[in-house]
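In what follows, a structure is listed as C-alpha cells, so that the remarks can point back to it.
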Amino acid sequence: MRWHIDLPTCGAAARKASEIISNAVKASGLPFFSTEDVNLGQTYSQKATEVVRSSGCMKFLGLSTGMRLRYLTWGEDERVVILLHDINESSGIMSGFAARLAGRSYKVYALDLRGHGDSSHSAAGQYTPSSLSEDLESFITEKDLYTRPVALVGIGLGAAVAVTFALRHPRLTAMLVVAEWHPWLPVDVQSFHAGQAATFTTTQEAAAFLCSRQWGHPPRSPPAVLKHMEYRCSAVEGEAVRFKMDPEFYLHVTPLDFVEARWQGLQCPLLVVHGQTSHLVSLAEAERVASLSGRGSSASVHTVMNAGHFLIEDSPLDFRNAVLQFLLKNDEALLVHNQEARRPELLGLRPLPEFATVSDAVKALQPRPIPTAQMVEEELAKLRAEDDVQSDEDEYCARRTGLAQDNPEYFAFIG
C-alpha cells in the first residue's frame with residue numbers, strides 16, 4: 001500500500017511518517033488472532049527462547065565506532081559465519097537458524113545492528129550502509145576474527161550491510177549470502193520501517209500490526225510472527241509496547257553506495273536468495289544482482305518455494321538448507337594457507353604505528369611500570385599544587401565590580 005505522505009529524508013521525518021502510517025493502519029482495524037494462533041505462537045516462542053538459552057550465548061561488545069552491540073553466538077569451530085538481520089528485527093529472530101548452522105561445525109555470530117534490538121542507537125543519526133559496515137569491521141577486529149575470512153549472511157538491511165563490507169574488505173569476506181534485497185529497493189522499504197515509532201498496548205497488538213494486509217505483501221502466519229515478538233518488542237509493565245528500533249532510524253543511501261561498477265570488486269562466492277512470492281525481490285531482480293558480481297566470483301540464485309519476503313518465517317528449512325549447501329560447497333574459501341598474511345595491519349584494519357627513531361618506538365611499546373604508592377603520592381601532590389595556583393581567570397573575577405558579579409549586597413546598596 002502507498003501512503004499519501006511525503007517520503008522522509010531524515011530521521012525526524014521518518015519518525016513522523018511512521019507515526020502517521022501506524023496510526024492509519026491501527027485505525028483501519030488490525031487482524032484478529034484466534035486462540036489457536038496465540039497458543040501456537042507462544043509454544044513457538046518458548047522453543048525459540050530455549051534455543052538461545054541452551055546453546056547460544058548473549059553478550060555485548062563496545063566498538064571503536066562508539067556503538068555498543070549486542071550479539072549472540074553459537075559453536076566453537078574456527079570457521080565463522082556472521083548473520084545480519086533485516087530492518088525492524090534483531091539477532092534473536094535468527095536463533096534457530098544459527099543453532100543449526102553451529103550444529104554443522106560453524107562458529108556463528110548473530111548481531112543486533114545499530115539502532116536495532118538491544119544495541120545502542122546513534123545519537124547523531126549516523127545510519128548509512130558505510131557506518132553499519134564499520135560496526136561490522138570493528139566487531140571483527142575486536143573479536144580477532146580476521147585470522148580467517150568469514151562468511152556473511154544478510155537479509156534485507158543486513159544484506160545491504162554485508163555487500164558494503166564485502167566490497168570494502170574482499171580479503172575478509174569468504175562468501176556472501178544476499179537474501180531478499182537488491183540495491184534498487186524504494187525508500188519506504190529500504191530506509192525506514194512504518195512501525196518504528198508506533199506504540200501498542202500489548203505485544204499481540206504489535207504482532208497484528210505486522211500481519212496487517214494493508215502492507216501489500218502475502219499474508220503472514222500469526223504463529224510465526226508471534227514466535228519472535230520477544231526479540232522485536234520491548235514490553236515493560238506500565239509502559240507502551242514499542243518495537244526495538246530507533247524511532248528516528250533512517251538509512252541514508254546514495255546512488256554511489258551500490259553503483260553497479262563497484263560490484264566488479266566482489267570476488268567471493270555469492271548466493272542470492274529470494275522468496276517465490278516475495279513482493280520486494282523478483283526472480284529477475286535476484287538474477288540481476290547475481291550478474292553484477294566480479295569475474296572471480298561464482299554467483300548463483302536460489303528461490304525459496306512457498307515463501308514471501310519473510311524467509312525465516314515462511315520456509316526456514318528451505319532457506320537453511322540452501323545456505324548450508326552453499327557454505328559446504330565453498331568451504332575452501334574459509335581456509336587460510338598463509339597465516340602470516342592475516343595480520344590486521346596487512347588487511348587494512350589496524351595501521352602500524354610510526355616512530356621517528358628506534359628509541360621512540362622502544363619507549364612507546366615497552367611495558368609500562370606499575371605505579372607505586374610513592375609515584376601516586378607525587379602525582380597527587382602536583383595536582384594539589386596546581387589547585388593552589390591562582391589562574392588568570394581567578395584574578396580577573398576578583399577585579400570585577402559588584403554589578404558584574406551579580407552581588408546582592410551591591411544591588412541592595414543601590415536600592
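In this note's numbering, the protein residues as written are 1 to 415.
We put the CB at the ideal spot given by N, CA and C, even for glycine.
By the Cβ-count criterion, P371 is exposed, with fewer than 16 other Cβ atoms from all chains shown falling within 10 Å of its own Cβ. When DSSP states are grouped into helix, strand and coil, S359 belongs to the helix group.
Burial of H85 is indicated by the presence of at least 16 other C-beta atoms within 10 angstroms of its C-beta. Rounded to whole angstroms, the separation of the alpha carbons of S138 and M67 is 10 Å. Counted as a single uninterrupted DSSP element, the alpha helix (DSSP H) harbouring Y231 occupies residues M229 to R232. When secondary structure is reduced to three states using DSSP, K244 falls in the coil class, being assigned neither helix nor strand. G154 is positioned such that its CB atom lies closer than 8 Å to that of V178. Runs of the alpha helix (DSSP H) spanning 4 or more residues and lying entirely within the segment 264-325 occur at 283-292 and 311-314, in chain order. Under the DSSP assignment, K143 falls outside any beta strand (DSSP E); it carries neither an H nor an E label. Minimum Cα-Cα distance from I312 among the listed residues H182, E230, F97 and L7 corresponds to F97.
Look at the beta carbons and you see the segment 203-220 touching the segment 27-35: at least three pairs across the two are nearer than 8 Å. If one requires a minimum length of 3 residues, the beta strand (DSSP E) runs lying completely within the segment 55-101 are 57-62, 68-74 and 80-84, in chain order. Beta-bridge partners of H116 (DSSP): M245. Burial is judged here by how many other beta carbons sit within 10 angstroms of a residue's own beta carbon; N88 has at least 16 and is buried. Short of 6 Å from the beta carbon of H228, and not among the five residues preceding or following it, lie these beta carbons of its own chain, in chain order: I93.
Taking M305 as reference, the option from A299, A341, R320 and I21 with the minimal CA-CA separation is R320. Within the segment 130-205, the complete alpha helix (DSSP H) segments at least 4 residues long are 157-168 and 187-190, listed from N- to C-terminus. Short of 8 Å from the beta carbon of A123, and not among the five residues preceding or following it, lies no beta carbon of its own chain. Around the CB of L69, 16 or more other CB atoms lie within 10 Å, so the residue is classed as buried. Taking a cut-off of 8 Å on C-beta distances, the segment 266-275 touches the segment 168-175, as three or more cross pairs fall below it. In the structure shown, L251 falls within a coil segment according to DSSP collapsed to helix, strand and coil.
In this structure, the CA atom of D144 is about 32 Å from the CA atom of H302.
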